[in-house]
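Visitor: To start, I am sharing the structure in question, which I have written as structure tokens.
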Amino acid sequence: MEQDAQLVQQCLQGDGSAWEDLVRRHSRRIFNICYRFTGNGTEAEDLSQEVFLRVYRTIGSYRSAHGGFATWMTSVTRNLLIDHYRRTKRDRITDSLDDAMPVVENKESSGRRPDEQLLLGELSSQVQSALTKLSPELREAVILRDLQQLEYAEIQRVLSVPEGTVKSRINRGRIELARILQQMGVRPS
Amino acid sequence: MTWTCEQTEARLSDYLDGVLTGAEQTAFDAHVNACERCTPLVASVSHLLSGLHSMEQIEAPPRLVYSILDKTLGPRESGWRAVLGWVRGVASIRFAYGALSLAATLMIFVTASGFNWRHPKVADLQPVNIYRNADRQAHLVYARGTKFVNDLRVVSEIQSRMREDSGIPTTPESTVPEASPEKQPGRSDGSQPSSPKQQNRANDITRQLEVLAAEMPVFAGRLSGAAIARRVP
């Protein structure tokens, strides 16, 4: 955290290598958030680039008093993901209509790279599929808490909602996700 | 404490996080064990949580970092452009000072090893020649230093003798033993040398002093004729 603050200061002084260090330190985490939210590798990559582009442009507005740099970056990522979700809502409705048509296509593999299939285990793959069926507000809460292991206070800062709402969303998200998995035929062993 | 299905659902995360009080925990367990609806719910959410926590972070594509850096810092240069970029990077004043001092140090070492800058030869850079030249230079420096120290000693001796003659007391730092102005060379008790051998020694020293004073004009003026005449019988 201290190192992040120092790198940010160096970035503000025009140090390109400090920015490169920041990108290397956070790119994997940001990519994972984007991937878990969208369930699509290509989209996650594009969104990660957009996140860093936005962070690069607005890094001067970051204040350490508002929390760690990682939390601030997660907040930027979350806002961008919600924007992306709203922007592509119409496309998804069209896609779901297309899916309803009798087309011979494996829905599980659409938009996913072969190496991603190898990376995800069976349960992970099923959980990932279930995540994308969750509403965005519940999805982001579950991702931040159970996949990114953030504390409730950090999630509260990222989502800009009271802690009670954070807890409620996480709880509802977990229950909803479990139900989706049950509907998918995944039963606890 | 009575516990309902709604409470179970609402407090499920608290139960899984282990933040329920003792009484709540007991009531929760009692209800879940007896409720057909809540038992599978708790089991499935617990299973889900273990699945979520076992999900590892995915490796980001290697090109992601480079794409981000290209979009933010600009495209990275390659080939001769990268070399030029590197040269531009080191072309700072700090680097120039460092390079200059390194070059000066090298020049001093090469010159000290006897390398002739006017007529440079490749043979001079051979280790054997460098060693030989360095050895020669070191001996020369030593010989010059020794000569310089000896010269200083002679001058110091002359100065002390002149002070003796003119009655100026010598400084405590003087290396030459202090002698009384009345004392004459050849005797320690102040009496005139009696034997011809002693007289010759005194005359010899006086002559040497005259020769040195003539060679060094700085001291020549201070050697008054009277002072010297006193020595000459």
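Protein sequence lines correspond, in order, to chains Y and G.
The numbering used here numbers the first residue of the first sequence as 1101 and each following residue consecutively.
The numbering used here numbers the first residue of the second sequence as 3 and each following residue consecutively.
Ideal Cβ placement from N, Cα and C applies to all residues, glycine included.
From the beta carbon of Leu1073(Y), is the nearest beta carbon of chain G less than 8 Å away?
Guide: Lying before the first or after the last residue shown, residue 1073(Y) is absent from chain Y, which here runs from 1101 to 1289.
Visitor: Can you pull the chain G neighbours of Phe1169(Y), defined as C-beta to C-beta under 7 Å?
Guide: Simply none; closest approach about 16 Å.
Visitor: So Leu1180(Y) and Thr74(G) are supposed to be a Cβ contact under 8 Å. How far apart are they, rounded?
Guide: Actually they do not touch by this definition, with Cβ atoms about 15 Å apart.
Visitor: Leu50(G) to Pro77(G), Cα distance in whole Å?
Guide: Computed Cα separation, rounded: 44 Å.
Visitor: Return the chain-ordered list of same chain residues with a C-beta closer than 8 Å to the C-beta of Leu18(G), the five sequence neighbours on each side being excluded.
Guide: Cβ neighbours of Leu18(G) beyond the five flanking positions: Val47, Ser48 and Leu51.
Visitor: When you compare each of Ala1278(Y), Leu1244(Y), Ile1159(Y) and Thr1171(Y) to Gln1113(Y) by their alpha carbons, which one comes out closest?
Guide: Residue Ile1159(Y) is the option with its Cα nearest to Gln1113(Y).
Visitor: Locate the alpha helix (DSSP H) running through Trp1119(Y), then write down its first and last residues.
Guide: Where Trp1119(Y) is concerned, the enclosing alpha helix (DSSP H) stretches over Gly1116 to Thr1138.
Visitor: Could one say the Cβ of Glu38(G) lies closer than 8 Å to chain Y's Cβ atoms, at least one of them?
Guide: By this cut-off, Glu38(G) is not an interface position.
Visitor: Alpha carbon to alpha carbon, how far is Leu1234(Y) from Phe97(G)?
Guide: For Leu1234(Y) and Phe97(G), the distance between alpha carbons rounds to 58 Å.
Visitor: Among Arg1257(Y), Val1227(Y) and Phe1169(Y), whose alpha-carbon lies nearest the alpha-carbon of Leu54(G)?
Guide: Per the Cα distances, Val1227(Y).
Visitor: Can you find a CB in chain Y that lies within less than 8 Å of the CB of Gln9(G)?
Guide: Cβ-Cβ to chain Y under 8 Å: no for Gln9(G).
Visitor: What first and last residue would you give for the alpha helix (DSSP H) that runs through Ile160(G)?
Guide: Looking at the DSSP string, the run of the alpha helix (DSSP H) that includes Ile160(G) is Pro129 to Ser168.
Visitor: In angstroms, rounded to a whole number, what distance separates the CA positions of Thr10(G) and Arg1239(Y)?
Guide: Their Cα atoms are separated by approximately 21 Å.
Visitor: Alpha helix (DSSP H) containing Gly53(G): first to last residue?
Guide: Unbroken alpha helix (DSSP H) run through Gly53(G): Cys40 to Ser56.
Visitor: I'd like to check one pair, Ala29(G) with Trp5(G): are the Cβ atoms closer than 8 Å?
Guide: For Trp5(G) and Ala29(G), yes; Cβs fall inside 8 Å.
Visitor: Taking Phe117(G) as the reference, give the member of Leu104(G), Ile132(G), Glu166(G) and Ser103(G) with the closest Cα.
Guide: Comparing Cα positions, the closest option is Ile132(G).
Visitor: Is Cys1111(Y) helix, strand or coil when you go by DSSP?
Guide: In this structure, Cys1111(Y) counts as helix in the three-state DSSP scheme.
Visitor: For Trp119(G), count neighbouring Cβ atoms within 10 angstroms of its own Cβ and tell me buried if that reaches 16, exposed if not.
Guide: It is exposed - the Cβ of Trp119(G) has fewer than 16 other Cβ atoms within 10 Å.
Visitor: Anything in the stretch 15-28 of chain G with a Cβ closer than 7 Å to a Cβ of chain Y? List those residues in chain order, please.
Guide: Within the stretch 15-28 of chain G, the residues whose Cβ lies closer than 7 Å to some Cβ of chain Y are Ser15, listed in chain order.
Visitor: Note the first and the last residue of the continuous alpha helix (DSSP H) segment covering His1184(Y).
Guide: Where His1184(Y) is concerned, the enclosing alpha helix (DSSP H) stretches over Phe1169 to Arg1187.
Visitor: Report the three-state DSSP secondary structure of Gly1273(Y) (helix, strand or coil).
Guide: Three-state result, Gly1273(Y): helix.
Visitor: With DSSP collapsed to three states, give me the class of Arg1245(Y).
Guide: Arg1245(Y) falls in the helix class under three-state DSSP.
Visitor: Hey, could you find the ends of the alpha helix (DSSP H) Asn35(G) is sitting in?
Guide: First-last of the alpha helix (DSSP H) with Asn35(G): Gly24 to Ala36.
Visitor: Can you say whether Val34(G) is buried or exposed, counting buried as having 16 or more other CB atoms within 10 angstroms of its CB?
Guide: Val34(G) should be labelled buried.
Visitor: Quick check on this structure: which residue in Glu1150(Y), Cys1134(Y), Leu1122(Y) and Glu1120(Y) has the alpha carbon closest to the alpha carbon of Leu1247(Y)?
Guide: Selected option, being the one with the closest Cα: Cys1134(Y).
Visitor: Quick check on Ile95(G) - is its C-beta less than 8 Å from some C-beta in chain Y?
Guide: Taking Cβ atoms only, chain Y never reaches closer than 8 Å to Ile95(G), which makes this a no.
Visitor: Tell me the DSSP secondary structure of Thr4(G) in three-state form.
Guide: In the structure shown, Thr4(G) sits in coil (DSSP, three-state: anything other than H, G, I, E or B).
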